[in-house]
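Below: the structure, in structure tokens.
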Amino acid sequence: MEIAWLEDFLALSRSLNFSRTAEIRNLTQPALSRRIRQLESWLGVTLIDRSSHPASLTDEGRSFRRVAEEVLRNLHEERDYYQGRILTRRKPFVSFAMVHTLAFSFYPDWIGEMERHIGELRTQVVCSSTHGCMQALTSGTIDFFLSYLHPAWPLALDEQQYPSLRIDTEKLVPVCAPDERGRPRYDLDEAGDEAIPYLECGPNTITAKMVEVVLKSRDPRPILETRYRNTISAALKAMAVKGYGVTWLPGCAVVDELRDGRLVSAGSEDWSLPMELRIYRSRRYVGGSSDKERLWEQCRAQYA
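Sequential numbering from 263 applies to the sequence shown in the working numbering.
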């Protein structure tokens, strides 16, 4: 991933015109289009809806625009500090690690609620696999780790060293595109011996492990044939909307699509799995009066 891709994307998000943006960025239009597609490929989602005129941002594009602005702002600030253009940095970030689904679907509203109680925060989010997020927590790279949890797959974190709080409940739900009558194109309850195309979140992810809990409880077990695999939930959702198969996603990630009919439930309630959403922190970094301490104390007051 290159910084120039972020600058290209932000310029395009403002003008929503490829030819005008290419001129501003001193690029040919094919070169700009290629760089935007490289950024989309790196993220695994579509940022620009090219089917409309003028072009428009997708839901993922609008969400990622805030991320790109923050990344570039931080990079320029650090450069200015090192080059002596500014004498002091702004207050430190409160940093979080989480999977992409939470960053897109849960975090924005949740951090807004926290700020209404404790004031404005300067935050940074690192998106990775669950394993990568756990490593970031245990190494001290980040302050907090948000994760889904199910009793069948507990996280290998010592509660004494890494205390946690349940901050929400959620369900992992199977979804697919509707047919012309508004019914599920792929119905888990009616499949029988027929194979169902499966949009998989990767074999070693916590989502895949939770889906396995659901499948093991079914007799007979459904036949799922993996048609597409991606660790980013937004990419799985996009493929499901296009009708490529069934995927399991947290309910918060598909609220809009279920409401407007782009997706429907692919099975009865028995195919869903209840989950907890927990926030973890390291006890090594407790203390002081920093923003991260105020956030943790608010979580304890609200959720403990």
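Just so it is clear, CB atoms sit at the ideal spot from N, CA and C, and this is done for glycine as well.
Which residue marks the beginning of the beta strand (DSSP E) containing residue i, and which one marks its end?
i	result
Ile380	Not the beta strand (DSSP E): Ile380 falls in the alpha helix (DSSP H), residues Tyr369 to Ile380.
Tyr565	From DSSP, Tyr565 is part of no beta strand (DSSP E) but of the alpha helix (DSSP H) over Asp553 to Tyr565.
Ile458	Ile458 to Glu462
Phe358	Val356 to Met360
Asp430	Ser426 to Cys438
Met263	First-last for Met263: undefined, no H or E at that position.
Which residues mark the beginning and the end of the alpha helix (DSSP H) in which residue i is found?
i	result
Ser401	Premise fails: Ser401 is in no alpha helix (DSSP H) and is neither H nor E.
Glu452	Premise fails: Glu452 is in no alpha helix (DSSP H) and is neither H nor E.
Arg297	Gln291 to Leu305
Ile286	Phe280 to Ile286
CA-CA distance, residue i and residue j?
i	j	result
Ala453	Val435	17 Å
Leu557	Met376	7 Å
Asn336	Asp455	54 Å
Ile298	Asp532	41 Å
Val437	Val475	17 Å
Arg491	Pro416	24 Å
Ala359	Ser391	9 Å
Gly381	Tyr424	25 Å
Asp481	Asp451	11 Å
Glu555	Ile541	13 Å
Asp449	Ser277	42 Å
Is the Cβ-Cβ distance between residue i and residue j less than 8 Å?
i	j	result
Ile429	Leu539	yes
Ser357	Gln386	yes
Val329	Ile494	no
Ala528	Pro446	yes
Phe326	Leu305	yes
Arg483	Pro459	no
Legend entry - Entirely enclosed alpha helix (DSSP H) segments - the segment 319-349, minimum 4 residues: Taken in chain order, the complete alpha helix (DSSP H) segments of 4 residues or longer contained in the segment 319-349 are 321-344.
Inset, instruction - Go through the segment 498-531 residue by residue and report every complete run of the beta strand (DSSP E) that reaches 3 residues or more, in order. - result: Those beta strand (DSSP E) runs which fall completely within the segment 498-531 and span 3+ residues are 509-512.
Legend entry - Three CB pairs or more closer than 8 Å across the segment 363-370 and the segment 513-520: In the pairwise beta carbon analysis, the segment 363-370 is classified as touching the segment 513-520: at least three pairs are separated by under 8 Å.
Inset, instruction - Tell me, please, whether the segment 500-512 touches the segment 460-471 by the rule of three or more beta-carbon pairs shorter than 8 Å. - result: Contact between the segment 500-512 and the segment 460-471 is established, with three or more Cβ pairs separated by less than 8 Å.
Inset, instruction - Evaluate the contact criterion for the segment 398-413 versus the segment 435-444: three or more CB pairs, one atom per stretch, below 8 Å. - result: Output reads no: the segment 435-444 does not touch the segment 398-413.
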